[in-house]
Amino acid sequence: MGSSVSSKPSLPDSSARFRHHLPPNDLRRPLVNEISQQLVNGLALGAVYALIAIGYTMVYGVLRFINFAHGDVFMLGSFAGYYLAPRVAQWFPLPGWAGWTLVMVLSMVICAAIGILIELLAYRPLRDRPKLTVLITAIGVSLLIEYTCQHKAVFGASQKAFPDLLPAGVFKLGGLSFNTTQFVVLGVTVVLLAALTFIVKKTRIGMAMRAVSHNASAASLMGISNTFIISFTFGLGSALAGAGGILYGMTYTGIDPLMGVNVGLKAFVAAVLGGIGNLPGAALGGMVLGVVETFAGGMSGVSTYRDGIAFAILIIILIFKPTGLLGSKQIEKV
Amino acid sequence: MQLFLKAPRALLLIAIVAAVAAGLCADLMNPYYRGVVIDIGIAIILAVSLNLINGHTGQFSLGHAGFMSVGAYVSAMITLALRQSMGADQLAWLFLPTLVAGGLVAALAGLLVGVPSLRLRGDYLAIVTLGFGEIIRVIFQNVEAAGGASGLSGIPRMTGLAWTFILAAVAVYVVASLVNSTYGRGFIAVHDDEVAASAMGLNPTRYKVTAFVIGAFFAGIAGGLFAHHKTSITPQVFDFMKSFEVVVMVILGGMGRTAGVILAAVLLTLAPEFLRSVAEYRMIIYALLIIFLMIARPQGLFHFERRKRSSAA
């Protein structure tokens, strides 16, 4: 895997070791190519943000609170892939793509189970409590996962190298060139978003989710089990975060137990940017944020402020358009 | 709380005299214990000031370390600049004005956060204050004059027992008597029901901003004391975890309970000193404590009497 590291775009992380790094021949390419390449990098980062942002938005839709621990579920997805990949290769000697698919699906299942478990243990006892109580609990859950995972008996605090799951390669599409990872990241995101849209729009359970999100008490009067729908929503959102974790690991190779903090917060910003509670909005917000961050990271003079950009966007959007790009206004009733 | 109502000024005076007396015999103390006691004083200022924002006014802020860092950096930079031209004696006389300058700049930052946060409630506000703390950290990391990522070092050690506890007493006095004043009842009204408060003719916006400005001022003071106590500061010191530690103190003490919050500040500062052997579990214990408290005792650990209003809204 060592050879492919240099072509991977920079981490959305403040550590100087992973500053923006392109292969030397990229430096000689014309500006247009440079811009379009940055666009591809930005979209690949944005895809990961989008997958996580959807989890925030869905949970906000049904429970009206920010699941702070969602970023850590994303981290657990990465680590699930890290530990599963060698075992899957050992136990099921499948060709590259099939093995990769199996790792991906298993990690998503594990994350879904963790998400459902978090809701069951920490949030369900607080269903009728003030929102702030639940928020504080969510921060507690987040820290519990982070610090338990950092313990040397679990994952350890040091950074780990995500295994190379797929053969390296370059795809050309129009004037853009994608490496395998970027191609897979964007492809998987599109497939998952399509599947999610299908579930939410076309299935009975999706209809129930929309009903609970619209008016939980009316939905329960219609015979919908709120408890089941909330569990299902956590499972679905966490599975997407798990997929995001695998894709992130494939893109940036370095994973550690605190990676969910920054990425999770930025994905939350993406959800707010798109309009919280709005699924296409979360996807759009993720893409926009990924592209903006990547371009800012490539500009000299701005790049060191990269980690602050997402929060600046958040504050600006909350002041000028708190409903987000695609959100609709909600009237607060007394 | 009742005590503060009956004789607040007398108590303040006693606290200040005690602080000065403690400062005079500070040299007799083991430097390690003195350091821990100063840490406690700083923690009390932080917890009491955050309690005004989170507890009394009910505006959940996760950016207290951000305000603290502003105070720490401003006062440390002033001290380092003054040291070029004057001796230790003159510097000591200027210590209080330096701290106040740091506090004032932090209060300005509090105003900057408070004003946009007017439109936000609950979890949005929490995220914005968290984001604000991160932005401040990124800015300090990039400003050459503030030492960049390596921060400032060689700050003269000027924080003593006396200054720390005089300022802690002032912080407790100001917050407690503010909240118990006629004007200050508005903070609690905003906490309990913002819509009802504004229907009664109160201006929730003004109360929220006031809480942020005063809370940030004392956080800045605490930051200044911290900088002149540790003698070196880096942006990483004031990260989200620092904010969270203060939040834990406020929650543990029972939001809006001054005495409980002070007790929690003392306990949580002492705990890591006693738990050195299990330091790796400290954050896990904090996290479990928070989850447990929220599920079983949302009113805080040190809260025994029944109170009509809800503790967290």
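These protein sequence lines are chains A and B, in that order. Position one of the first sequence corresponds to residue 2 (my numbering), numbered consecutively onward. Position one of the second sequence corresponds to residue 453 (my numbering), numbered consecutively onward. Positions of the beta carbon are idealized from the N, C-alpha and C atoms, including for glycine.
Report the neighbours of G583/B on chain A: residues whose CB is nearer than 9 Å to its CB, in chain order.
L266, V270, G309, A311, F312, A313, L315, I316
Ignoring anything shorter than 3 residues, give me the beta strand (DSSP E) runs that lie fully in the segment 684-746 of chain B, in order along the chain.
none
Cβ-based neighbour list, L327/A, same chain, cut-off 7 Å, excluding 5 preceding and 5 following
G275, G276, N279, P281, G282, L285
Is the Cβ-Cβ distance between M610/B and L543/B less than 8 Å?
yes
Proximity of G82/A and L241/A at Cβ, strictly below 8 Å:
no
Around the C-beta of T254/A, are 16 or more other C-beta atoms found within 10 angstroms, so that it is buried, or is it exposed?
buried
From the beta carbon of E596/B, is the nearest beta carbon of chain A less than 8 Å away?
no
Per-residue contacts from T339/A into chain B (C-beta, under 7 Å):
In the structure displayed, chain A extends from 2 to 335; residue 339/A sits before or after that span and is not available.
Would you kindly work out how many angstroms separate the C-alpha atoms of L498/B and G515/B, rounded to a whole number?
12 Å
Taking the beta strand (DSSP E) that S501/B falls in, what are its first and last residues?
Run containing S501/B: none in the beta strand (DSSP E); it sits in the alpha helix (DSSP H), 483-502.
Within chain B, partners of P126/A - CB distance below 8 Å
I747
Residues that I256/A bridges to, as DSSP identifies them
K161/A
Whether D491/B touches T721/B by CB criterion (8 Å)
yes
Residues of the segment 636-648 of chain B with Cβ closer than 7 Å to any Cβ of chain A, in chain order
V647
Starting from L107/A, trace the alpha helix (DSSP H) in both directions and tell me its first and last residue.
97-119
With a threshold of 7 Å on Cβ separation, who are the neighbours of V41/A within its own chain once the five nearest residues in sequence on each side are excluded?
L177, F179, Q183
Measure from the alpha carbon of M529/B to the alpha carbon of each residue in V489/B, T550/B, W545/B, then state which is nearest.
T550/B
Using a Cβ-Cβ cut-off of 8 Å (strictly less than) and excluding sequence neighbours within five positions of P608/B, which residues of its own chain qualify?
T531, R535, A540, L543, H680, T683
For the 8 Å Cβ check, are there 3 or more pairs between the segment 571-588 of chain B and the segment 707-725 of chain B?
no
Under a CB-based cut-off of 8 Å, is I140/A close to chain B?
yes
Of the residues M59/A, L77/A, I119/A, the one placed nearest P258/A, counting alpha carbons only
L77/A
If you follow the beta strand (DSSP E) that V303/A is part of, which residue opens it and which one closes it?
V303/A -> no beta strand (DSSP E), and no H or E assigned at all.
Looking only at its own chain, which residues have a Cβ that is under 7 Å from the Cβ of L315/A, when we skip the five neighbours before and after it?
V270, V273
Flag this pair as yes or no: are the beta carbons of I119/A and F696/B separated by less than 8 Å?
no
For chain B, is any of its Cβ atoms less than 8 Å away from the one on K322/A?
no
Excluding the five sequence neighbours on either side, which residues of its own chain have a C-beta within less than 8 Å of the C-beta of Y306/A, listed in chain order?
A297
Compute the distance between the beta-carbons of G475/B and L613/B, then report whether it is under 8 Å.
yes
Let me make sure I understand the geometry here. Which of V262/A, V264/A, I247/A, L197/A has the alpha-carbon closest to that of G236/A?
L197/A
Boundaries of the beta strand (DSSP E) in which L177/A is found, first to last residue:
177-180
Can you give me the C-alpha to C-alpha distance between V472/B and G606/B, rounded to a whole angstrom?
26 Å
Boundaries (first-last residue) of the beta strand (DSSP E) holding A172/A
The question names Ala, but residue 172/A in the sequence shown is Phe. Run containing F172/A: 171-174, per the beta strand (DSSP E) assignment.
Does H22/A get closer than 8 Å to chain B when you measure Cβ to Cβ?
Since pLDDT at H22/A reaches only 47, below the 50 mark, its modelled position is unreliable, and the value read off the structure follows with that caveat. No - not a single Cβ of chain B is within 8 Å of the one on H22/A.
Using DSSP bridges, identify the partner residues of L476/B.
In DSSP, L476/B forms no bridge with anything.
Return helix, strand or coil for L604/B, following the three-state DSSP convention.
strand
Please tell me whether P724/B has its Cβ less than 8 Å away from any Cβ of chain A.
no
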